[in-house]
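> In the numbering used here, the protein residues as written are 87 to 367. Provided herewith is a single structure, encoded as structure tokens, for subsequent inquiry.
Take a look at the structure:
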């Protein structure tokens, strides 16, 4: 990914911050996105405008030691970068990378190249992308498996029962969207995320999927509220004792899950057709 969108000073600081948290072997771009916000306010009859600019960056980080809590790692980077850079990072140890490259790993074959590299301590032996009908069959099987799980959770959202629980319904929506995101990550990147944090997976999918716009929060308060409820559904179900989720929130979340799955079926079919050509099917 071309890093020209990120100012050189921010890039150097980002690399320094990452290296201050862990012993890094190499860092690779996957995606970068710029966000600009304007805030207007009146004080003493004068209009004031504040411009805020920040970046969402997806990186693959190869470290010498295992990162126990990637979410904590990303939070530390966000804080040390003065909230200018929100990081979504994929982590491997150097030993993992070397073993996977020896066995063959198409995700790493796509990411680990000179155009994506922004820091490296020593060269890696790169294998490139492996194309073969057997590889395509594996992609297709795992795609079907994830989509089947997503469809199962969606089917449970469409059941009319005498007993109902909106927090439980939100958890079903969370699982339906999570499995759909996992299907997308596999069919585009052949990547299986070790952490099924929904907000994290959604932001990874922003790098390649048009369908993901369906679940991203819109401008309205309700949209942001329901997105937050879906992402924190497990916590709300386990630890919130008071009912704070309206029936309308449950319907909204269910509708998002249905629409997302429907769009991804179409997008995934198109992607599989492209892969069939790459793998000589």
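Just so it is clear, CB atoms sit at the ideal spot from N, CA and C, and this is done for glycine as well. Since the model is a prediction, treat every value here as computed from it, not as a measurement.
1) How far does the beta strand (DSSP E) with residue 331 in it reach, from first residue to last?
2) Is DSSP giving residue 188 helix, strand or coil here?
3) What is the DSSP secondary structure of residue 278, counted as helix, strand or coil?
4) Tell me whether residue 169 is buried or exposed, calling it buried when 16 or more other Cβ atoms sit within 10 Å of its Cβ.
5) How many angstroms separate the CA atom of residue 355 from the CA atom of residue 364?
6) Reducing DSSP to helix, strand and coil, say where residue 172 ends up.
7) If we ignore side chains and look at the alpha-carbon of each, how far apart do residue 253 and residue 217 end up?
8) Taking the alpha carbon of residue 213 as the point to measure from, which residue in 342, 185, 108 has its own alpha carbon closest?
9) Using C-beta distances below 6 Å, list every residue in its chain close to residue 163, excluding the 5 sequence neighbours before and after it, in chain order.
10) Around the C-beta of residue 199, are 16 or more other C-beta atoms found within 10 angstroms, so that it is buried, or is it exposed?
11) Going straight from the alpha carbon of residue 153 to that of residue 177, what length do you get?
12) Measuring only the C-alpha atoms, how far is residue 115 from residue 294?
13) In whole angstroms, give me the CA-to-CA distance for residue 287 and residue 264.
14) Residue 243 by DSSP, collapsed to three states: which one?
15) Relative to the C-alpha of residue 260, which candidate in 140, 111, 149, 284 has its C-alpha closest?
16) Compute the beta-carbon to beta-carbon distance between residue 367 and residue 219, rounded to the nearest angstrom, for a pair I have assumed lies under 8 Å.
17) Given this structure, state the Cα-to-Cα distance separating residue 92 from residue 118, to the nearest angstrom.
18) According to DSSP, residue 203 sits in a beta bridge with which residue or residues?
According to the structure data:
1) Per DSSP, residue 331 belongs to no beta strand (DSSP E) and is neither H nor E.
2) helix
3) coil
4) exposed
5) 15 Å
6) strand
7) 44 Å
8) 185
9) 103, 173
10) exposed
11) 7 Å
12) 14 Å
13) 7 Å
14) helix
15) 284
16) 6 Å
17) 8 Å
18) 114
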